[in-house]
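S.K.: What the sequence shown shows, in UniProt numbering, is residues 1 to 232, in sequence order. Note that the Cβ used here is the ideal one computed from N, Cα and C, for glycine as well. The structure's right below; bear with me while I get my questions together.
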Amino acid sequence: MTMRLTHLALIAAMSAAPAFAQDATTGTTPEAEAPAGAAQDQGTEAPAGETAAPEAQTGDADEGVQNALDTGEAVNAQPDQDRTFIKSEEGEWQVECVRLPDGSEGPCQLFQLLEAAEGNPVAEARIFKVEGGGQVVAGANMIVPLETLLTQKLTIAVDNGQAKRYDFAFCTQIGCIARIGFTQEDVNQFRRGAVARVSIVPALAPDQQVVTEMSLSGFTAGFDALEPIQTQ
C-alpha cells in the first residue's frame with residue numbers, strides 16, 4: 001500500500017498525541033471548572049485557566065516525516081570499472097592502468113582484444129607481471145564467451161611451438177575466465193615469437209575449434225614497462 005506524505009505526518013502527530021493529552025489534563029485546576037450553565041452564558045470563551053494548545057505538534061510531525069523518508073546520499077559518478085585508462089600503446093598491445101581514488105596511478109597490465117578471421121571478438125587477453133610467485137613470473141586473465149566448452153580448456157601455442165592447455169577458473173556474466181601463470185620460459189617465447197594461437201571449443205559444436213591469433217608485436221616493450229605485482 002502506498003502512503004502519502006500527509007498520512008506519514010498524521011502518524012507522527014498521532015504518536016505525539018498522548019503526551020499532549022497528558023499535559024492538557026495536568027494543566028487544568030479545579031478553580032477553572034465551571035457549571036454547565038455558566039459555560040453557555042460565557043459563549044465560546046475558554047475558561048481562564050486553560051491555555052492554547054502547544055504549537056510543537058507541527059514541528060514533531062515534520063520531524064517524523066524526515067525520519068520516515070530517506071533523503072539519499074551522494075553516489076560516486078565514476079564507477080570502478082571506468083577508472084581504467086590506456087597509458088600507452090606498444091605494437092598490438094595497450095598498456096592498461098587503474099586510476100586509484102586519490103588520483104595516483106595503480107597497477108598496469110597489457111591488454112589485447114582477440115578476434116576471429118571475420119572480425120568477431122573471441123577473447124580478451126590481459127597479461128601482468130608478477131614478483132614473488134616462484135616460477136611464475138607473469139599472469140594472465142583470458143576471457144572467452146560463455147558458450148565455450150570448459151572441459152576442453154584453453155590452448156595457447158606460440159608460432160609453431162608446443163601448445164599448452166589451461167583450465168578455466170570460473171564464469172561470470174561477461175564470460176568465462178582462465179587464470180594463467182606463465183613461467184620465464186613462456187615469457188621468453190612471447191618475446192621471441194610473432195604470434196600466439198589461442199584455441200577454444202564451442203559448447204554447441206564440440207567437434208570444432210575456434211582459433212584466434214594473439215599478436216606478439218610490441219609485447220617485449222609493453223611487458224618491460226610494467227611494474228610487478230607482489231604476490232607475497
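#1: Using only alpha-carbon positions, find the residue among 108, 203, 101 that is nearest to residue 85.
#2: In terms of DSSP beta bridges, what is residue 110 paired with?
#3: Would you please state the rounded distance, in angstroms, between the beta carbons of residue 69 and residue 93? I believe it to be under 8 Å.
#4: Three-state secondary structure (DSSP) at residue 169?
#5: Which same chain residues, not among the five before or five after residue 176, have their C-beta less than 8 Å away from its C-beta?
#6: For the alpha helix (DSSP H) that contains residue 185, what are its first and last residues?
#7: Taking the straight line between their C-alpha atoms, what separation do you get for residue 72 and residue 63?
#8: Quick one: what's got a C-beta closer than 6 Å to residue 129's C-beta in the same chain, skipping five residues either side?
#9: So if DSSP puts residue 199 in a beta bridge, which residue, or which two residues, is it bridged to?
#10: May I ask you to report which of helix, strand or coil DSSP gives residue 160?
#11: Taking DSSP's pairing of strands, which residues face residue 145 in a bridge?
#12: In the DSSP assignment, find the unbroken alpha helix (DSSP H) run with residue 220 in it and report its ends.
#13: With distances taken from CA atoms, which of 165, 141, 180 is nearest residue 174?
#14: Just tell me which of 205, 203, 197 has its CA closest to the CA of residue 215.
#15: What residues in its chain sit with their C-beta under 7 Å from that of residue 203, if we drop five residues either side in the sequence?
#16: Grab me the residues of residue 221's own chain with a C-beta within less than 8 Å of its C-beta, minus the 5 sequence neighbours each way, in chain order.
#17: Would residue 156 pass as a contact of residue 199 if the rule is Cβ separation under 9 Å?
#18: Span of the beta strand (DSSP E) holding residue 88?
#19: By DSSP, does residue 115 sit in helix, in strand, or in coil?
#20: Residue 131 and residue 231 look like a contact to me (Cβ under 8 Å); what is the Cβ gap, rounded to whole Å?
#21: Give the secondary structure of residue 68 by DSSP, where H, G and I count as helix, E and B as strand, and everything else as coil.
#22: Going along the chain, which residues of its own chain have a beta-carbon closer than 6 Å to the beta-carbon of residue 160, five neighbours each way excluded?
#23: So for residue 73, helix, strand or coil by DSSP?
M.R.: A quick look at the data gives this:
#1: Counted from its first residue, the sequence shown places residue 85 at position 85. Proximity to residue 85 across 108, 203, 101 peaks at 108, based on C-alpha coordinates.
#2: For this step, residue 110 is matched to residue 110 along the sequence shown. DSSP lists 95, 127 as partners of residue 110.
#3: Here residue 69 refers to the residue found at position 69 when the sequence shown is read from its first residue. Here residue 93 refers to the residue found at position 93 when the sequence shown is read from its first residue. With 8 Å as the limit, residue 69 and residue 93 do not qualify as a contact, their Cβ atoms being about 52 Å apart.
#4: Mapped onto the sequence shown, residue 169 falls at position 169. Looking at residue 169 - three-state DSSP - the assignment turns out to be coil, as it is neither helix nor strand.
#5: Here residue 176 refers to the residue found at position 176 of the sequence shown. So the list reads 143, 144, 145, 146, 148, 150, 168, 170, once near-sequence residues are dropped.
#6: Taking the sequence shown and counting its residues from 1, one reaches residue 185 at position 185. Element bounds for residue 185: 184-192.
#7: Taking the sequence shown and counting its residues from 1, one reaches residue 72 at position 72. Taking the sequence shown and counting its residues from 1, one reaches residue 63 at position 63. So the alpha carbons of these two residues sit roughly 16 Å apart.
#8: What you label residue 129 is simply residue 129 of the sequence shown in a count that begins at 1. The residues are 138, 226, 228.
#9: For this step, residue 199 is matched to residue 199 along the sequence shown. For residue 199, which the question treats as bridged, DSSP gives the partners 155, 211.
#10: In the sequence shown, residue 160 corresponds to position 160, counting from 1. It is coil, neither helix nor strand.
#11: Mapped onto the sequence shown, residue 145 falls at position 145. Answer is none; residue 145 lacks a bridge partner.
#12: For the purposes of this step, residue 220 is taken as the residue at position 220 of the sequence shown. Residue 220: member of the alpha helix (DSSP H) spanning 219-224, first to last residue.
#13: On the sequence shown, position 174 is the one that residue 174 refers to. Distances from the CA of residue 174 to each of 165, 141, 180 were compared; the closest alpha carbon is that of 141.
#14: Numbered from 1 along the sequence shown, position 215 holds the residue referred to as residue 215. Checking every option, the nearest Cα to that of residue 215 belongs to 197.
#15: Walking along the sequence shown from the start, residue 203 turns up at place 203. Taken in chain order, the residues that qualify are 147, 148, 149.
#16: Translated into positions along the sequence shown, residue 221 becomes position 221. The beta carbon of residue 221 is closer than 8 Å to those of 90, 91 in its chain, skipping five residues each way along the sequence.
#17: Within the sequence shown, numbered from 1, the residue matching residue 156 stands at position 156. Within the sequence shown, numbered from 1, the residue matching residue 199 stands at position 199. At the C-beta level, residue 156 and residue 199 come within 9 Å of one another.
#18: Residue numbering aside, residue 88 sits at position 88 when the sequence shown is read from its first letter. Unbroken beta strand (DSSP E) run through residue 88: 84-90.
#19: Looking up residue 115 in the sequence shown gives position 115. Strand.
#20: Within the sequence shown, numbered from 1, the residue matching residue 131 stands at position 131. Within the sequence shown, numbered from 1, the residue matching residue 231 stands at position 231. The Cβ separation is near 7 Å, so the contact holds.
#21: Start at 1 with the first residue of the sequence shown, and residue 68 comes out as number 68. Reduced to three states, the DSSP call for residue 68 is helix.
#22: Against the sequence shown, residue 160 aligns to sequence position 160. Once the five neighbours on either side are set aside, residue 160 has no close Cβ partner at all.
#23: The residue you call residue 73 lines up with position 73 of the sequence shown. Taken through DSSP and simplified to helix, strand or coil, residue 73 comes out as coil.
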